[in-house]
Every structure is written in C-alpha cells, then in structure tokens.
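Under our numbering, the first residue of the sequence shown is numbered 11, with each subsequent residue one higher. First the structure, in the form of structure tokens, and then the observations on it.
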Amino acid sequence: MQRQQLHLSSYQSHTNLSRTLVSRFCPVPTRCRSQPNRRLPCTPVAAAATDRPPYSSRLNGVSLLSHQNGVYTVGGSIETPVTQSKVYDMLIDYPNLNKVFSSIDECHTLTEKQALQLLQICRWEFLAFSGTFKTLLNVDEERDAGRVVFSLIKSSFMKDFEGQWQLTESPGGGCHVEHRLKVQPVLDAPPLFSGYAQRIFVKQVTKVLEDLLAALKAQE
Numbered sequence: 011m012q013r014q015q016l017h018l019s020s021y022q023s024h025t026n027l028s029r030t031l032v033s034r035f036c037p038v039p040t041r042c043r044s045q046p047n048r049r050l051p052c053t054p055v056a057a058a059a060t061d062r063p064p065y066s067s068r069l070n071g072v073s074l075l076s077h078q079n080g081v082y083t084v085g086g087s088i089e090t091p092v093t094q095s096k097v098y099d100m101l102i103d104y105p106n107l108n109k110v111f112s113s114i115d116e117c118h119t120l121t122e123k124q125a126l127q128l129l130q131i132c133r134w135e136f137l138a139f140s141g142t143f144k145t146l147l148n149v150d151e152e153r154d155a156g157r158v159v160f161s162l163i164k165s166s167f168m169k170d171f172e173g174q175w176q177l178t179e180s181p182g183g184g185c186h187v188e189h190r191l192k193v194q195p196v197l198d199a200p201p202l203f204s205g206y207a208q209r210i211f212v213k214q215v216t217k218v219l220e221d222l223l224a225a226l227k228a229q230e
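Laid out in structure tokens, this is it:
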C-alpha cells in the first residue's frame, strides 16, 4: 500500500513538472477575456484608410484665352479635395495672402463708402530685372456663388486689370478652382515681342496657381 501511494505521488510530481515545462516553453496563445470562445487578437487593428481623399490637389493647366487691343486674358484651374468653403476662406484671408502667393509682398484692407478695397504691394520680374509696385483694387465677394473678383482702381504698372476666382463644388466633395486674369500693361508690347508678353502672363498665372496648389496640399 505504501508502495502504491509512493508510486502515485511520484507520478503526480512528474505530471506537474511536465505541465510546468510545457507552459513555460510552449505558451498557449491568449484570447481576449471579453470573448473567450472566439479567436480575436487582443491588440487593436489599424482602421482602414477609407477617409483619405480620393486624389491630391493638382493643376489642370494654364493657357492664353485671348489677346485683343493690348488686353491679355489667361485662364487656368485646379482640382482639389479641399472643400469649397476652406478654399474660399483662404482666398479672402487678405492679410495673409502674401503667405500664399509669392507675387504679393504686402496686402492691406481698406474701406471706402462701404466698399472693400485692397492695397497690395506686388512683385514683378522681366528678364534680369525685378521690382515692386503698388496696386489699389476693388473687391467683390460672392460667397454663395463661389466667386471673388478683383478689379483695378489705380496702378502705375497696368492700365486695366481683373482677377477672378470661381469655385465649384466637385461631386466627390472637393472643389474645382478656376482663375482668370485679364490685364493690359501701361506700355503695349511691340508686335515683335507680343508672343513673349503672352508667355509672361501665362507664366504669371501658372505661378499663382502653383502657389495656391502648395497651400491646398498643406490642407489635405
């Protein structure tokens, strides 16, 4: 009888030792306590990136629309996932326009007979020359229509100027941004340099849209 008890005690000790070694060197995968019967990972799973914009802001292109009687009209557009409201707020944040557009050194708001006006110090470049000039503009805001129009009041650099932004909400929730520039310089370009002047204004509108593009990508 004593031998049987001794043999049983030795067997139980050997079994407990085996279980201890198995549990130590062959750990069983743990389960989440909240659902013990289902093989679910206890670590959080990264959410699917379904809220990312379907595309990044991009420049569609810029072209000369017309050149008549010394007046150049150039247009271009941008597609962006940024909402129309945010783009509009960026365009009418006048004190900070110089942080968006490299052609603007300073921008100050004025009020004349309840009309909004802007005094801008702008930068110009021609061949190896560059400088600044002051421009006084009238501003017409039409938020519901997604439109902002800048028209010339006075400038030593231009006879006529009109810059228009037109925003249209895209089906995917983003925004189509169209910019049109109409400008007549103080000095008419000779026919020999007409093509060069056209390229200058196309380049100018391209740079304006590229500056806005960089600001929009920061908002994505």
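Just so you know, even glycine gets a beta-carbon here, dropped at the ideal spot from N, CA and C.
DSSP state of residue i, grouped into three classes?
i: F143; result: strand
i: P201; result: helix
i: P181; result: coil
i: R209; result: helix
i: A224; result: helix
i: D99; result: helix
i: T93; result: coil
i: Q124; result: coil
i: L214; result: Contrary to the premise, residue 214 reads as Gln rather than Leu in this sequence. Of the three classes helix, strand and coil, the one that applies to Q214 here is helix, per DSSP.
i: L18; result: Any answer about L18 is weak, because its pLDDT of 40 lies below 50 and its placement is not dependable; what the coordinates show is given next. L18: helix per DSSP, three-state reduction.
Suppose the cutoff is 6 Å on Cβ atoms and the five residues either side in sequence are ignored; what does the same chain contact list for residue i look like?
i: T90; result: S67, G184, C185, L226
i: G254; result: Coverage of the chain is limited to positions 11 through 230, which leaves residue 254 absent and any answer about it impossible.
i: K144; result: I131
i: E188; result: S87, Q176
i: V84; result: L74, L191, F211, V212, V215
i: S165; result: T145
i: K169; result: Q194, V196
i: F171; result: L162, V193
i: D150; result: V159
If I measure Cβ to Cβ from residue i and keep anything under 7 Å in the same chain, skipping five residues before and after, which residues do I get?
i: T94; result: The question names Thr, yet the displayed sequence has Gln at residue 94. G156, L177, E179, C185.
i: R153; result: Y98
i: L223; result: S67, L69, I88
Take residue i as the anchor and find which of the options has the nearest alpha-carbon.
i: L120; options: L128, S113, I114; result: L128
i: A125; options: L107, I163, L101, C117; result: I163
i: E122; options: N148, T142, F203, L223; result: N148
i: L69; options: E220, L202, G80, S165; result: E220
i: G182; options: V218, V92, Y104, P200; result: V92
i: S76; options: A224, L223, I114, G205; result: G205
i: Q229; options: V110, Y104, P105, R209; result: V110
i: S113; options: L223, P200, A224, T142; result: T142
i: Q78; options: Y104, V218, P201; result: P201
Measure the beta-carbon distance from residue i to residue j and round it to whole angstroms, keeping in mind my assumption that it falls under 8 Å.
i: W175; j: V158; result: 5 Å
i: C117; j: L101; result: That pair is no contact at about 12 Å.
i: Y82; j: A207; result: 7 Å
Under 7 Å: does the beta carbon of residue i sit that close to some heavy atom of the ligand FAD?
i: L223; result: With respect to small molecules bound, the structure shown includes none, and the ligand FAD cannot be examined in it.
CB-CB under 8 Å to residue i, same chain, minus the five flanking residues each way: which ones, in chain order?
i: D198; result: G80
i: G71; result: G86, S87
For chain B, check one thing: does any of its Cβ atoms lie closer than 8 Å to the Cβ of residue i?
i: K164; result: Structure shown: chain B not included; a single protein chain is present.
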